[in-house]
Structure formats: structure tokens, C-alpha cells
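For the protein sequence lines, the chains are A and B, in the order given. If you count by our numbering, then the first sequence holds residues -10 to 408, one letter each, in order. If you count by our numbering, then the second sequence holds residues 2 to 206, one letter each, in order. Virtual Cβ for every residue (Gly too), placed ideally from N, Cα, C.
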Amino acid sequence: MDRGVRETIVSTTVKEVQIGDVGAQAAAHADGERMSLNVGPSHPTTHGVLRLLMELDGDLITRCEPVLGYLHRGDEKIAENMTYNQFVPYTDRLDYLAPLANNVAYAITVEKLAGLKLPERCEAIRVLVCEMARISSHLLGMGVFGMDAGAWTPFMYTFTEREKLYTLFEELTGARFTTSYTRIGGVARDLPEGWMSKVEKFVDELPKAIDEVEKLLTRNRIFLDRTEGIGTISKEDAIAYGLTGPNLRASGVDFDLRKDKPYSGYEKYEFDVPIGTKGDCYDRYLIRIEEVRQSILIVKQVIASMPGGLWYAEDAKKIFAPPKEKVMTSMEELIQNFMIVTEGPQVPAGETYFEAENPKGALGFYLVSKGGGVPYRLKIRAPSFCNLSILEKLVPGHMLSDITVILGSLDFVMGECDR
Amino acid sequence: MIDDDFVKALLEGRDFISVKHRDDCLTLDCLPDSLIGFCKHLRDDQTFDLLVDLTAVDHGEEADSRFQVVLHLYSLIHKSYVRLHVACPDNQSPSIPSISSVFPAANWHERETFDMFGIKFSDHPNLKRILMWDDYPYFPLRKEFPLAGIEVPLPAADVAEVTGADVDPAPMMGGPFVASGNGRMSEAEPRAKDESWTEESEKPL
């Protein structure tokens, strides 16, 4: 064998590389003409009004700058100018795919500062609606993610199930979408008669639909090719960028506020927290599938153990309005109702921070009160805002067509991101 | 565990921090100059490696120290939060050091705080507005900013430069779609200014 041939053999040694590595190497060596590409703010990929300013070298993304604020409504300023209960409808419009979970997180924050203890039934109702909201949000997240990767059919299955949930929400709260179900110190009304058996029937049938979706997606060659090894977030990066929720857990970090800092009685229910290993888009999809299955378990447990009693804190005279029939018949309750409506629920001065494990991540409220019925400052820590901040680091090195999959897998909502 | 021993060990040799209260979580006052070093210590030695939130509170124009930056750190080991209060030294042009070198998550949070309160974070890699547009002249979450907002020209300078188009803000009051309420409708409502009919003579079919 002469030297020339041997050299050829040596140079063809295969080295295992990751897709991100190849992209990063190519990006480092790219010296061709760069092209600027603007995606959004209104584009099907961006799931709302996110705008991405990108620099491309061919199909390779070398720079990505997210531009936010197209849905900024000034919720925090508005909160400073209204009473605590008046802000509940605004929380519907944060993560508008899981409004019930937002309602609950906000109410718990204010109650935490007021030092309220709620009856068991109220806490159980809140857990129930939170988990239903999680199922609803993940059903949409999974369906749309499949669609982003080019699979239309799973979306039809998940949307059918979500529609059933919305019918249940409507029966409970009077609204399909903007539920505004909680009040400071309780919930707006008790569960309707026969409602829980309908929920039970729904969660009994839901696993079948999830199985169908899994059959279509989980071992689908095209879906695997598009999601595996794409958008990999390391454990360290996920923590450094403040990711929470399924996106953080997909990267292998065991952090679930329902387990780590249980609120509203989550410690009473048994469930597992799925953790990913690689942190790529496929892992994030698997985590959401498993979370839906775990939520079904929680819903079943809550229904089986639903305590009786009141659905609001009766002794919180300055916070929760009395029942209507008492307002109409008794002087004391009439005055109490009048004071709460005009002055707002009375919350002592102080500050508090509360985070709830929402479908998109940890939704936090930082509340500063100087006493009275109006917050002095309410900061909303939106999980989608933090989850998106990693885009600048995550996207460069990927192909343009990966953008849809990466954005779909992060499952963000701009209503919450921009507030 | 965040207990008395933990707090005592944390305070030892660090006169730049003091315990403010421990109502819902350990709340510390921190001097701005020592913030970066202390955050590094919390992250590397005390496992508070998740910056969950960074924001500010405006205590009003009369307050001695008007702007206060508030940080929330979470430890996955201790399973609890630590809150840091950092008072901005100057009320007119508030500024504190940026911690985005310690926590990359702080990058966007600091941009938002700058956007809403006008607090400058020195050494921030990209301190510009994030929710409002770049040319926006006000800081909306300051207490003197009115709830109704202040009308400003729309952010289309670059579009206008290329297209030569004029962009006027949409009318909020007294515009073409708002009747003045004085006099007859056919006079007050511009869209009704169809000379062929009035309230007296019916519209021809």
C-alpha cells in the first residue's frame, strides 16, 4: 500500500458529532454572505407575537435576537390601580391557555400575605382545576408541537379532548376561556351538582386519546428525525437562564414546586415528576405527555377524596364577600359586602413572593402591600419570559427549519411573556 | 435548611448585608457595591443557583431611597428562596451593578427593570428596552406615570425613513369616530355628513 492511499484511509475516520456541534463549527468557519431574516411578529411559527431577528449563512442561523413587547398591556401598572379581586380577570389573560392555574396562583399569593387559612374543600377544588388546566395546556402544547414538526393529525385528537375540557370549564365557571374562577379567600362558586362525575368520565377516556397521539408521534420516524438532538439545553444552561417547568425538567433537573414547596394541599396526592435526560425537543415532548398522565392520576385522587364543607374562608370577614342570600337578609353581611366591594379585600402591609407550578413553568407573583385593598406593587414573574431568554444562546448553530420545532417545544405564551 | 445557624454563618464577616425580616423567606438588605460578589457566593457556595426573579419597587418621589431592586434566588438543595433588597443610591439617576455575568437569566430581567423604572445596570451587555420600543421616552412603572398613559409618536421611524410614509397615532379623543355630543347628530358625527338627509328629512332610498 503506498502512502497516498493510507492517508486517504486515515482521513475518513468517523468521529461522532452532535448536530449542534456541526452547526457551531460551520457557524465559526462561515465566511459567506450573511443574510438578515425577520420572522414575526405575526407568523404561525412564533405562536403569538414573538419576533425573531436572525442572521443566516445559507440555511444556518448564526445569530438570533428575540424582540418582545408586541402584546405588552401594562398589567403590573393596572394592578396598582385596582382592588385585589378586580385583578383576577387580568390573570386569565397571562397564560391564556391555562387561566384557571393563573387565577389560583394569584389568589394564593394574596392569601399568603393576608395569612389566610382556607378550608380543605377549597384547596381540593383548586388542585382539581389546576390539574385540569395543565391537561388542557399540555394537550394544546403537544398538538401544536406535532403540527410544527409537520404532523397534522395529533392536533385533531388533542383539540377534540381539549374541547371537552372547555365544556367542563364552562359548566364550572360560566366561561370557556377567561374563567376568573378564584376570589381572594376562596373560589367564586361551589362545584355544580354532578360535575365531578363528568370530570371523572373525561379523565377515564382521556388516556385512550393520549395513546392515539403517542402512536402517531412518539415512534414516528419523521418526528424523531426532526426533534431528537435538536435544541439541546444542558442542565447548567437551563438553570443559569432561569428555565422552569417542563423545559427545565426535560434537561434533567428535578424541580417541581408541587413536590418541593407544596401549596394548596398538593402533598396529599401521589404522583411522579418526569425528568428528562438529554434536554432536546423530543425530551420536552415526552415530559409533557407523561405530565398529562400524572395529572390524570391527581384528578382522580382529588375526586375520590373531595372533602365536604365550605369553598371559601368564612372567618375572613374583611376579605371574602358573604353569600348573596345573607347579604339580602342581614344588615351586618350587607355592610361587609359593601366594604369589600368598595374598598377591596383588606390585606396587611408587607411583601411576599409565591410561585406556583403552572403548565408553562413557575408563575410567580411578588406582592408589596402598604395595607388596604389595592396592591402597592405586583410583579408577575412569567415563566414564558424566562424560558424565551435562552433563545439567543440556543438557536445559533441550528438550521432555519429547526426554528419551528425549537419554538414549538418550548411551549410559550406571549400573553404571559409580555404581560 | 435555612435556620438561625445558616443566617449567622452567612452574616459573619459580611457587614454589607443585614437581615430585614424572615416573614415568608429570608430577606436581606445588600449594599449595591458588594452585590456581584455576594451573588457569586450565594450561587457557588450556598447552592442558590436559580435566579427566579429580579424586579424593582418605586417607593415614591418623597422616599429617601426611592428605587429598590428586589432579587429572588432559589436553591434546589435547600428548597427555599432568599430575597435580596438593594437600594439604589441616587434617586435622580438610579444605578446598580448588573449581575448578568453571574446569572445569565438576569439579562432580560434587568432590561425589563430598566425599561419600566429607568434603573441603570452598569456593565450590562445589552441594556436597552425590552417591552416598550427603543425610542419610548417614559418609564411606565414609576409612580408619577399616569395609568392612562401619555401619548407619544409611534415607533415607526425606520419604516417612515424607507417608505417616506407618515404615521400618526390613532385618535384617542375627539377623533373622527367620536361624536362631540353637541348639537344635532348630522353635524356632530362626521360620518353622518351626508348632505342628502337630516333628522327632519328622511334618507332617500
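First through last residue of the alpha helix (DSSP H) which encompasses residue i
i	result
B/Asp59	That residue, B/Asp59, is in no alpha helix (DSSP H); its beta strand (DSSP E) goes 51 to 59.
A/Tyr274	270 to 293
A/Val77	77 to 81
A/Ser186	184 to 206
B/Cys40	36 to 45
A/Ala113	109 to 137
A/Glu405	403 to 407
A/Glu225	224 to 229
A/Phe158	142 to 162
A/Lys66	64 to 68
A/Asn236	235 to 239
B/Glu13	Element bounds for B/Glu13: n/a, residue is neither H nor E.
A/Val262	Run containing A/Val262: none; DSSP gives neither H nor E here.
B/Lys271	Missing from the structure shown is residue 271 of chain B; chain B here goes from 2 to 206 and no further.
A/Thr318	313 to 318
A/Glu410	Nothing in the structure corresponds to residue 410 of chain A, since chain A is present only between -10 and 408.
A/Phe212	210 to 216
Which residues DSSP lists as bridging residue i, in chain order
i	result
A/Ser358	A/Gly339
A/Met388	A/Leu49
B/Asn108	B/Asn108 is not bridged to any residue.
A/Glu344	A/Gly353
B/Cys31	B/Ile18, B/Val87
B/Lys121	B/Ser96
A/Leu41	A/Val28, A/Pro55
A/Thr171	A/Val176
B/Ser81	B/Ser76
A/Tyr301	A/Gly175
Beta-carbon proximity check, residue i vs residue j, cutoff 8 Å
i	j	result
A/Ile124	A/Ser284	yes
B/Leu59	B/Arg67	Residue 59 of chain B is actually Asp in this sequence, not Leu. Cβ distance < 8 Å, so B/Asp59 and B/Arg67 count as in contact.
B/Phe104	B/Gly119	no
A/Thr156	A/Asn92	no
B/Tyr75	B/Phe49	yes
A/Arg161	A/Arg408	According to the sequence provided, residue 161 of chain A is Leu. The question's Arg does not apply to it. Not closer than 8 Å, so no.
B/His86	B/Cys26	no
A/Val288	A/Leu180	no
A/Arg273	A/Ile199	no
A/Phe244	B/Leu12	no
A/Gly362	A/Tyr79	no
B/Leu132	A/Lys66	no
A/Leu299	A/Phe260	no
A/Met24	A/Leu49	no
A/Tyr170	A/Gly404	no
A/Leu102	A/Val384	no
A/Leu323	A/Thr341	no
A/Asp64	A/Ile369	yes
B/Ile97	B/Val70	yes
A/Ala113	A/Pro263	no
A/Ala68	A/Ala90	no
A/Arg151	A/Glu159	no
B/Asp124	B/Ser99	yes
A/Asn347	A/Ala87	yes
Start-to-end residues for the beta strand (DSSP E) that takes in residue i
i	result
A/Asn91	Run containing A/Asn91: none in the beta strand (DSSP E); it sits in the alpha helix (DSSP H), 88 to 103.
B/Gln69	68 to 76
A/Met24	24 to 28
A/Cys368	It is Lys, not Cys, that sits at residue 368 of chain A in the sequence shown. Looking at the DSSP string, the run of the beta strand (DSSP E) that includes A/Lys368 is 366 to 370.
Point to revise | Under 9 Å (Cβ pairs) to chain A, residues found in the segment 4 to 22 of chain B | key: Taking 9 Å as the Cβ-Cβ cut-off against chain A, the residues of the segment 4 to 22 of chain B that qualify are His22.
Review point. Are at least three pairs of beta-carbons, each pair with one atom in the segment 174 to 186 of chain A and one in the segment 104 to 120 of chain A, less than 8 Å apart?
Key: Yes, the segment 174 to 186 of chain A is in contact with the segment 104 to 120 of chain A.
Check your understanding: Is the number of C-beta pairs between the segment 31 to 50 of chain B and the segment 386 to 406 of chain A that are closer than 8 Å three or more?
Key -> A contact is defined here as three or more CB-CB pairs under 8 Å, and the segment 31 to 50 of chain B fails this definition with respect to the segment 386 to 406 of chain A.
Point to revise | Residues within the segment 82 to 108 of chain B neighbouring chain A, beta-carbon criterion of under 7 Å | key: Listed in sequence order: Tyr82, Arg84, Phe104, Pro105, Ala106, Asn108.
Point to revise | Stretch-stretch touch, CB-based, cutoff 8 Å, three pairs: the segment 252 to 260 of chain A with the segment 298 to 313 of chain A | key: By the Cβ test, the segment 252 to 260 of chain A is not in contact with the segment 298 to 313 of chain A, since fewer than three Cβ pairs between them sit closer than 8 Å.
Review point. Would the segment 26 to 44 of chain A and the segment 54 to 69 of chain A be scored as touching if the rule is three or more Cβ pairs under 8 Å?
Key: Contact holds: three or more Cβ-Cβ distances are below 8 Å.
Exercise for review: With 7 Å as the limit, tell me which residues of the segment 55 to 81 of chain B have their beta carbon closer than that to any beta carbon of chain A; keep them in chain order.
Suggested key: Of all residues in the segment 55 to 81 of chain B, Thr56, Val58, Val71, His73, Leu77, Lys80 have a Cβ within less than 7 Å of some Cβ in chain A.
Practice item. Could you say if the segment 178 to 186 of chain A and the segment 118 to 138 of chain A meet the contact criterion of at least three C-beta pairs nearer than 8 Å? Key: The segment 178 to 186 of chain A, when compared against the segment 118 to 138 of chain A, does not touch it at the 8 Å Cβ threshold.
Point to revise | Residues from the segment 61 to 90 of chain A in contact with chain B, defined by Cβ distance under 9 Å | key: Those would be His61, Gly63, Glu65, Lys66, Ile67, Glu69, Asn70, in chain order.
Review point. Can you find at least 3 beta carbon pairs, one from the segment 232 to 241 of chain A and one from the segment 259 to 268 of chain A, that sit closer than 8 Å?
Key: With contact defined as three or more Cβ pairs closer than 8 Å, the segment 232 to 241 of chain A and the segment 259 to 268 of chain A are in contact.
Check your understanding: If we count Cβ pairs, one from each stretch, closer than 8 Å, do we get three or more for the segment 314 to 326 of chain A versus the segment 148 to 155 of chain A?
Key -> Not touching, per the Cβ criterion.
Practice item. Please determine if the segment 330 to 339 of chain A and the segment 207 to 227 of chain A are in contact, where contact requires at least 3 C-beta pairs separated by less than 8 Å. Key: By the criterion of at least three beta-carbon pairs nearer than 8 Å, the segment 330 to 339 of chain A is not in contact with the segment 207 to 227 of chain A.
Review point. Got a sec: which bits of the segment 205 to 236 of chain A sit with their beta carbon under 7 Å from any beta carbon on chain B, in order along the chain?
Key: When C-beta distances to chain B are compared with 7 Å, the residues of the segment 205 to 236 of chain A below that value are Ile228, Ala229, Tyr230, Gly231, in chain order.
Exercise for review: Could you run through the segment 250 to 273 of chain A and flag, in chain order, every residue whose CB is less than 8 Å away from some CB of chain B?
Suggested key: Listed in sequence order: Lys250.
Point to revise | Interface positions of the segment 348 to 363 of chain A facing chain B (Cβ-Cβ less than 9 Å), listed along the chain | key: For the segment 348 to 363 of chain A, residues whose beta-carbon sits nearer than 9 Å to a beta-carbon of chain B comprise Ala351, Gly353, Tyr355, Val357.
Review point. Using a Cβ cut-off of 9 Å, which residues of the segment 238 to 250 of chain A contact any Cβ in chain B, in chain order?
Key: Going along the segment 238 to 250 of chain A in chain order, one finds Val242, Asp243, Phe244, Asp249, Lys250 with a Cβ nearer than 9 Å to chain B.
Practice item. Note down, in chain order, all residues in the segment 21 to 43 of chain B with a beta-carbon under 9 Å from any beta-carbon belonging to chain A. Key: So the list reads His22, Asp24, Asp25, Cys26, Thr28, given in the order they occur along the chain.
Check your understanding: According to a CB-to-CB cut-off of less than 8 Å, which residues of the segment 50 to 61 of chain A neighbour chain B?
Key -> Under the 8 Å Cβ criterion, the segment 50 to 61 of chain A contributes Leu57, Gly58, His61.
Review point. Listed in chain order, which residues of the segment 100 to 131 of chain A have Cβ atoms closer than 7 Å to some Cβ of chain B?
Key: Result list: Lys101.
Check your understanding: Closer than 8 Å, Cβ to any Cβ of chain B: which residues of the segment 161 to 176 of chain A, in chain order?
Key -> Contacts with chain B (Cβ-Cβ distance below 8 Å) from the segment 161 to 176 of chain A involve no residue at all.
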